[in-house]
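Per the working numbering, the sequence shown runs over residues 173 to 969.
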Amino acid sequence: MSLPSARRSKRTGRTARAEETSGAADQRAGRVEAEELAGRFLLSAETTRAEGQADLVTAVEPGDATLVVVAVPDDLADGLWPRLAEVLTRARERTGQVVLAMSGAGIDRQGSGALARRIADDWDMTVVAPAGDVLLVPGGALFVRAEDDGPEPRWWRFAPKTEAQELGLRWPRPEWEAALADVTAPSGVVVTAVPAGALVRPAGTPEPDPGDVAYAIPADPERPAVLVGDAEVSAADLVAVLSGAVGRAEWRRQPVRLVPAGDVDLLPLGQAVARELGVEVEVLTGPPVDSIGDTDEWRTVLLDAGGRPTWSPFVSSVLCGPAGRDGVAPPPRPLNWRSPAEGMRVADAARGVLRLDDTWRVAVTRAGVWAYPVDADPDRFPDRLTTAWPVSAGTLRVDVGASGRTVDDRLWTPLDGLLDALTPGPRARLHLAVHGRTTPDGAEAVQRLATRHHAGLDAGLDADRPDRGQAAASPERVSTMSDGSARAHVSEDAVHAGVGGTAAVSAVRTEASVALPGAEEGSAPVTPPATRTPTESGAVTVTPEHRSTDEDRAAFRAMVGLGWDAHAAPVRRTFSRLPAIAATERAAAAVDLVAVRLFLTSPADGAFGPAAARSGDAALRPYLACLASGLGRLPTYRGAVLHGVDAPARTDLTGTVLTEPGPVGGLSLADGAAGWPPTATVYVIWSDTARRVAALSDAETEKDVAARRGDVVFGPGSRFAVLDVRPGDADTPDLVLLRELPATHGNDAAQGGHLALTRLNTALEGVHAAAAGASPWPAHSLGPLGTPSSASGHATA
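Next comes the structure, spelled out in C-alpha cells:
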C-alpha cells in the first residue's frame with residue numbers, strides 16, 4: 173500500500189521536504205530504524221533511541237497481537253513509512269493482529285480517514301490504534317490522552333471492512349476500567365483520567381501535562397487508584413468523589429487505594445474515607461516506583477515541594493480500617509514495608525517490627541524508624557508507632573525510647589550500626605529524637621552519634637506521639653558539635669517550602685512514562701528543574717571522587733525528564749570507544765555519562781550549563797553527583813590545559829588555592845588548543861586527573877572534531893594551587909598558572925609546585941598569538957574559576 177507522506181509539525185513548523193535541506197549530517201542522525209524487542213517492534217529515529225524506552229516497550233504484554241511502537245518525530249516521517257511497511261509485513265505473517273502505538277493513528281481525519289483503518293483494510297489485518305496521544309507507562313501499559321483540539325481519546329479496534337470498536341483509554345484494558353464511571357466530581361473538584369485510575373484536583377487548577385507525576389504512576393492490574401496531588405483537596409471532597417463508587421465489586425474486592433501525586437500526605441484523607449464510607453483504605457506514603465528488578469517488590473518515593481524525588485520510606489503503604497462496633501477505628505498498620513538495612517531479623521511481620529538486639533526492637537514507620545525496649549507499653553508499642561509522625565521529604569526520623577523511661581546505655585552501639593547500614597539517601601536526612609531520659613553517659617553517646625551521622629537531635633521528649641488531630645511540625649535540625657555546642661539548621665522542609673513546579677515524569681521511576689510522537693508531535697526538549705533552592709553561593713556539594721548512588725541517578729533522571737532519550741541514545745553508542753565497562757555497570761554508567769554529555773552540550777546559561785553547575789545550588793546535587801561519577805569512567809589526561817576567564821587577573825592570587833564547586837572544562841595544549849581563548853585572562857592548569865570527554869561531544873565539522881579532541885574536564889569540587897600570575901601585553905592575555913591538587917579537604921597546597929611550573933613553561937612555548945581564535949572554544953572551557961582561600965605555604969615547594 174501507499175502510506176501517506178508527513179504533514180507539517182506543529183512544534184517545529186518544518187516539513188519533511190524542508191528537512192532534506194538541513195545537511196547530510198542531520199539526515200544521517202535522523203535515520204529511522206526498526207528494532208525487534210522480544211517479539212515487539214520499536215520504530216525510532218537513531219538520535220532518540222533510548223534504553224528506558226525499550227524497557228517500557230518490552231514490559232507491555234501484547235497477547236495474541238504484535239505490538240508496534242512508533243516513536244518518530246513528524247519531521248522524519250518520510251523515513252518512517254518504509255520501515256513501518258516492513259514491520260507490518262512481518263506482523264501479518266506472525267499474528268495477523270497489530271497494536272499500533274502511534275499517536276493519532278486511530279483518528280478519522282477529514283479526507284483521508286484513520287491510518288489504522290487504511291492499514292486494516294489494505295493489509296487485511298486487525299489493528300488496535302489510539303485516537304489521541306499515546307503514553308508508554310511503567311508497568312506495561314499504554315494510555316491515550318486527547319490531542320489538542322482532537323476527539324475524545326480512545327483506543328479503537330479496526331477489523332477489515334467492519335465498523336471500528338471502542339476499547340477505552342488503556343491498553344491492555346484493565347478489568348476495573350468501567351468502574352471509574354461511578355467516580356463523580358462534586359462541586360469544587362475535577363476528576364481527570366490517568367493511567368492508574370483517576371486524579372482528583374481542585375477546580376480551576378491546570379490539567380496535568382504528560383510530564384507530570386500523575387501520568388507516570390503504574391496501574392494496579394486488579395484495582396483502580398485514586399490520585400491526589402494537591403493539599404487543597406479535602407476529606408469531604410474525597411468522600412463525595414467515592415461515595416457512589418465503593419458499592420461496586422471492583423472497589424470492594426480490595427482496599428480502596430489512595431496515591432499521592434505530589435508533596436502531600438494522604439493519611440488523614442484515607443482515615444476519613446475509611447470512617448465515613450465504612451471501607452478499608454490503603455494509603456501510599458508516596459508515589460509508587462515500579463517493580464525492582466525481576467521481583468514483585470515495589471517502593472514509594474517522597475517528593476519535595478518542587479516535585480523532585482528525595483528518599484524511599486521504609487513503609488510504602490498503610491491500611492486504614494473502618495470503625496468497629498465500639499465506634500473506634502483500629503490504628504493504621506503497615507501493609508507494604510521493607511527493612512531499613514540488610515540482614516535484620518523480623519520479629520513481627522504484621523506490624524513491621526525487627527530485632528535490634530535481645531532487648532530492643534525497631535519498628536519501621538512512615539516517617540522513619542522507632543527503636544523501643546522489648547518490654548515497652550503494649551498499648552502503644554508497636555501499634556501506635558507506624559503513623560505517629562507525618563512523613564517529610566526532608567527528614568528521616570529515628571525515634572528512640574519511650575517517655576517516662578530511661579534509655580539503656582547498651583542501645584547506642586547497635587543503633588550506631590543500624591544508622592551506618594542505611595543507604596546514602598536516607599542517611600543524609602537523619603533526625604534523632606530521644607524519648608524519655610538518658611544517663612550522663614547516654615547523653616554524651618547520643619551527642620556523639622548525632623555528630624558522627626550529621627543528624628539533627630531532639631533529646632528528652634516527654635511524648636511518644638503528637639496530639640491527635642494536630643499535625644506535627646518538622647523539627648529544627650540541631651547537630652551537636654564535638655565541643656558540646658549546638659548548631660541549628662533550617663529543616664529541609666523549610667528550605668523546600670514554596671518551591672513550585674512539577675516533577676518530570678521520570679521522577680517516579682528511572683524509566684517512567686514516555687510520550688510517543690505521532691503525525692502532530694515533535695521531539696520533547698530537556699526539562700530543567702522546576703525551581704531551584706539556592707544554598708550559599710559557590711558551596712561545594714560534590715567532590716571529584718564521588719560515585720553516584722541509585723538515589724542520585726533516579727533524581728537526575730527526574731530533572732532531565734522527557735528529553736532523556738535525546739541524550740541517552742548517543743551515550744550508549746559511545747560505549748565501544750570508552751574504557752571497558754562491565755555489563756553489570758552499564759545501566760549506571762549510561763546515566764552518569766548522560767550527565768557529562770548534558771554539561772558538554774548545554775549553553776553557558778542553560779539549566780545544566782556551567783553557570784548552573786558552579787552555583788552551589790542544592791537542587792542540582794544529583795546532577796553533579798552523576799557528572800562526577802561519569803567523569804570518573806572516562807580516560808585521564810596529564811598535561812597542560814587552557815581555560816579562559818574574561819576578567820583581568822588578580823595579582824594577589826599567587827600562593828592561594830582555588831576551589832571550584834562545578835566542573836572545570838578546558839582544551840589541552842597537547843592535542844586541542846593551538847592558541848589563546850578569546851578572553852582577557854587564561855588559566856593554564858597542569859592536570860593530573862582531568863578527563864578526556866571528546867567521545868561525548870556533539871562535534872560535527874572537521875574543525876570542531878579537531879578542537880574537541882583536546883576537550884577535557886576536571887570534576888566538581890576540584891582544587892587548584894596558584895603558582896604564578898603574569899600580566900599580559902598587546903599580544904598575550906594575562907596568564908594564571910595553576911596545578912591541580914588532590915581532591916582532599918583543607919587548603920594545604922601539595923608539594924611539587926616547582927616541577928609543575930617548569931612543565932607549564934615548557935608547554936606554553938608552543939602557543940603563539942597568531943593562532944588565537946583558530947579553533948572554537950566550548951562554553952564549558954570559559955568562565956570564572958574557583959573561590960580563593962589562603963594556603964599554608966605557597967604551591968612552589
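Cβ atoms here follow ideal geometry from the backbone N, Cα and C, with glycine treated the same way. None of the values given here were measured: they were computed from a predicted structure.
Would the stretch 545 to 556 and the stretch 522 to 537 be scored as touching if the rule is three or more Cβ pairs under 8 angstroms? yes
Taking buried to mean at least 16 other C-beta atoms within 10 Å of its own C-beta, is S359 buried or exposed? exposed
Where A615 and T623 are concerned, what is the direct C-alpha to C-alpha distance, given to the nearest angstrom? 12 angstroms
What is the rounded straight-line gap between the Cα of P950 and the Cα of L772? 8 angstroms
Continuous alpha helix (DSSP H) assignments of at least 4 residues falling wholly in the stretch 824 to 894: 874 to 880
Going straight from the alpha carbon of A292 to that of V299, what length do you get? 6 angstroms
Is it the case that the Cβ atoms of L587 and V572 are separated by a distance below 8 angstroms? yes
Other residues of its chain near D906: CB distance less than 8 angstroms, five sequence neighbours each side excluded: P820, A821, A852, T853, V854, V897, R898, P899 and G900
Taking only the alpha-carbon atoms, compute the straight-line gap between P598 and E514 and give it to the nearest angstrom. 14 angstroms
The stretch 734 to 748 / the stretch 483 to 503 touching (three or more Cβ pairs under 8 angstroms): no
Taking the alpha carbon of R345 as the point to measure from, which residue in T364, M297 and E233 has its own alpha carbon closest? E233
Could you tell me which whole beta strand (DSSP E) segments of length 3 or greater appear in the stretch 270 to 319? 298 to 303, 305 to 309 and 313 to 317
Unbroken alpha helix (DSSP H) runs of length 4 or more, entirely within the stretch 726 to 793: which are they? 736 to 745, 758 to 773 and 782 to 785
Would the C-beta of A738 count as close to the ligand PLP, meaning under 7 angstroms from any of its heavy atoms? No copy of the ligand PLP occurs in the structure displayed, which carries no ligand at all.
Alpha carbon to alpha carbon, what distance is there between P390 and A711? 38 angstroms
Tell me whether the beta-carbon of T611 lies closer than 8 angstroms to the beta-carbon of T585. no
Output yes or no for whether 8 angstroms exceeds the beta carbon distance between A797 and V714. yes
Ignore the nearest five residues each way along the sequence and tell me which others in D639's own chain have a CB closer than 8 angstroms to its CB. Bear in mind that the predicted position of D639 carries a pLDDT of just 38, short of 50, making it too unreliable to give a figure here.
Is L441 near L410, with beta carbons less than 8 angstroms apart? yes
Measuring straight from C-alpha to C-alpha, what distance separates H626 and G958? 26 angstroms
Would you report the Cα separation of L806 and R863, rounded to the nearest angstrom? 6 angstroms
How would you call G312, buried or exposed, if buried means at least 16 neighbouring beta carbons within 10 angstroms? buried
Residues that T959 bridges to, as DSSP identifies them: T831
Where the beta strand (DSSP E) through D555 begins and ends: Neither: D555 is in no beta strand (DSSP E) and is coded neither H nor E.
CA-CA distance, T808 and D722? 25 angstroms
Beta-bridge pairing of T611 - partner residues as DSSP gives them: None; T611 has no bridge partner.
Chain-order list of residues whose beta-carbon lies under 7 angstroms from that of A446 (same chain, five-residue window excluded): E452, V453, C492, G493, P494 and A501
Give the C-beta separation of G540 and L568 to the nearest angstrom, bearing in mind that I take them to be a contact with Cβ-Cβ under 8 angstroms. 4 angstroms
Which residue or residues does DSSP assign as beta-bridge partners of D520? V525
Three-pair Cβ contact test at 8 angstroms for the stretch 266 to 286 versus the stretch 238 to 248: yes
Between which two residues does the alpha helix (DSSP H) containing W584 stretch? W584 to A593
Go through its chain and collect everything with a Cβ distance to R471's Cβ below 6 angstroms, but skip five positions before and after it. V461, S484 and S488
State the DSSP-derived secondary structure class of E208, mapped to helix, strand or coil. strand
Nearest by alpha-carbon distance to L430: which of P716, D402, W858 and V939 is it? D402
List the DSSP bridge partners of T578. R609
Quick check on E454: does DSSP put it in helix, strand or coil? strand
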